[in-house]
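These notes are about the structure you will find just below.
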RNA sequence: GCUCCGUUCGUCUAGUUGGUCCAGGACGUAAGAUUCUCAUUCUUAAAAUCAAGGGUUCGAAUCCCUUACGGAGUACCA
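Shown next as structure tokens:
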């Protein structure tokens, strides 16, 4: 019988969610949806020292903005609540004790200071320290100490940790859905800390395995940085006797910085001018980081570009709706090598979504922009404007530059454009065109265009000359979109006013 | 250092079990076409001796080995 697909996204609230993290969440979500399974959000806050206020809320907001819906977990609840690991502490202690009883783990009383001293000492000798089978019986552990002494130390309040007793010279055979078969000798691994008495919390490894088991997680889809600890996780499942129900693993390739080497970091974004966070983030010490949302990216575009960073459909399709991603996503088609993020392609994706965006939605973005510049703009007018400029824009932030002339009549006329277009019969022709427009009642662009073009053709006027001169008169420069659309938006009165002013200001031409 | 993972145009990548790949698409770049400016759109071009070397094979980007390079991990962090 096929197991129900249950996946989890398990971030740690130590700061803003990086786009790499959003991508991991997205792949988990797509996988869950495709298989009719559950997408669980679990917060892994087992490091009391690194907790950052606001981080959890930020994670929730980011997922929501991307359209990633949580089926179960923090913020929505579910049958395995609580989903915040700090609220499940007593569960982990029980399992840590179980491993001690079964002999798969032991108490260790070394203080971090002692360990650091040993490390430093060995490093000085050119050796590396590993807490493993070679040393665990020489250190202050329950493997060396007598049962009474262990009991006494615990009772008198000595701090202790539980470490996994990694066996010597055993081959762990693992399978990864993306990377295939991997084998590791346990002798190269060390005795990881599973639980610490100092804050009564487990470390990632224990909490992760216990929770995935308890929450009946079927597939673990996570970043490649976890691959080296996969053998430990296999060994933990084995020690608990859960190997037959352990989840299947898939380790995602890393997101690399656009240039140079290494993985994508916040600094790259600052330097190369693109965000690395989905949403704007203000760290507790007041440092502000830009976000895709605030930069004007549409969530659909962001999700689309993220989906293609590491995964590809095997076809030539590049634009995907969330539903299409759900239908077509496959772990088999996730690459093995790191994906380098390209700001150029990110722009292109957003432009694609901009071009087909509904005018009503864009108008809602446009109105406040106009207001910011001191102009009231009706929804009808905004829709018209936005319909004319959207395929020359990549971000809503460009809207004003592309259309401000509709609100602000030219004060002066661009000199270069004058030199180029205001010559020959320009003055005379624009003057004639003005009179024709003055006689038109219906200023809809199709109508004015039909009438004006008929006149242009009948008289054999150069299209380039008349239209460019016309543009200079109305806009004041060699920019803007279709002249007749512009006139329709300006209205007859304003159009004529601008023409009259231009004819009065610009020289008669020869 | 040690362990693990990776390596196809500048970038993202396609290339299912080796032949139809003198390697396809997209972004970016260049040229041209269209257009009332600009943009959009369209067409075309340049761009990878498939990291290098060695095998296996009639035949390898595809299988094997070695090397190089890159990445990750190596915490009482996740």
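Numbering (the numbering used here), first residue to last: 7 to 516. All C-beta atoms, glycine included, are put in the ideal place defined by N, C-alpha and C.
Beta-bridge pairing by DSSP links residue 287 to 295. Boundaries of the alpha helix (DSSP H) harbouring residue 39: 25-40, taken from the DSSP string. Here residue 170 is near residue 110, since their CB atoms are less than 8 Å apart.
Restricting attention to 477, 148 and 482, the CA atom closest to the CA of residue 491 is found in 477. As DSSP reads the structure, residue 269 sits in a beta bridge with 262. Between the region 242-258 and the region 210-223, the count of C-beta pairs closer than 8 Å reaches three or more; the two stretches touch. For residue 473, the enclosing alpha helix (DSSP H) begins and ends at 469-481.
The count of Cβ pairs closer than 8 Å, one atom from the region 91-107 and one from the region 59-79, stays below three, leaving the stretches out of contact.
Its chain contains 356 as the residues whose beta carbon lies nearer than 6 Å to that of residue 303, once the 5 sequence neighbours on both sides are disregarded; these appear in chain order. CA-to-CA, the gap between residue 404 and residue 397 works out to about 11 Å.
Under the DSSP definition of a beta bridge, residue 180 partners with 188. When secondary structure is reduced to three states using DSSP, residue 58 falls in the coil class, being assigned neither helix nor strand. Here residue 400 is buried. Its C-beta has 16 or more other C-beta atoms within 10 Å. Beta-bridge pairing by DSSP links residue 45 to 13. Between residue 312 and residue 496 the beta-carbon gap is near 41 Å, outside 8 Å, which marks them as no contact.
Residue 320 sits exposed, since fewer than 16 C-beta atoms from the chains shown fall within 10 Å of its C-beta.
If the five residues before and after residue 135 are omitted, its C-beta is found closer than 7 Å to the C-beta atoms of 124, 125 and 128, all from its own chain and listed in chain order. Approximately 5 Å separates the beta-carbon atoms of residue 504 and residue 480; this is inside 8 Å, confirming the contact.
For residue 361, the three-state secondary structure derived from DSSP is helix.
Residue 14 places its beta carbon less than 8 Å from that of residue 223. Spanning the alpha carbons of residue 379 and residue 411 requires a straight line of approximately 12 Å. Residue 195 holds the alpha-carbon nearest to the alpha-carbon of residue 176 among 165, 184 and 195. For residue 140, the three-state secondary structure derived from DSSP is coil. DSSP, reduced to helix, strand and coil, places residue 159 within a helical segment of the structure shown. In the structure shown, residue 389 falls within a helical segment according to DSSP collapsed to helix, strand and coil. About 32 Å separates the beta carbons of residue 344 and residue 207, which is beyond the 8 Å limit, so they are not a contact pair. Counting along the chain, the unbroken beta strand (DSSP E) around residue 228 starts and ends at 225-229.
For residue 243, the enclosing alpha helix (DSSP H) starts and ends at 236-246. Residue 169 sits in a strand when the DSSP states are folded into three classes. For residue 396, no alpha helix (DSSP H) segment is defined, and its DSSP state is neither H nor E. In this structure, the straight-line span from the alpha carbon of residue 83 to that of residue 40 is close to 22 Å.
In terms of Cα proximity to residue 120, the closest of 53, 78, 165 and 472 is 165. Taking C-alpha positions only, residue 49 is separated from residue 18 by approximately 6 Å. Assignment of residue 345 by DSSP, reduced to helix, strand and coil, places it in the strand class. Nearest to residue 493 by C-alpha distance, out of 440, 515 and 512, is 440. With a 10 Å radius around the Cβ and a threshold of 16 neighbouring Cβ atoms, residue 214 comes out buried.
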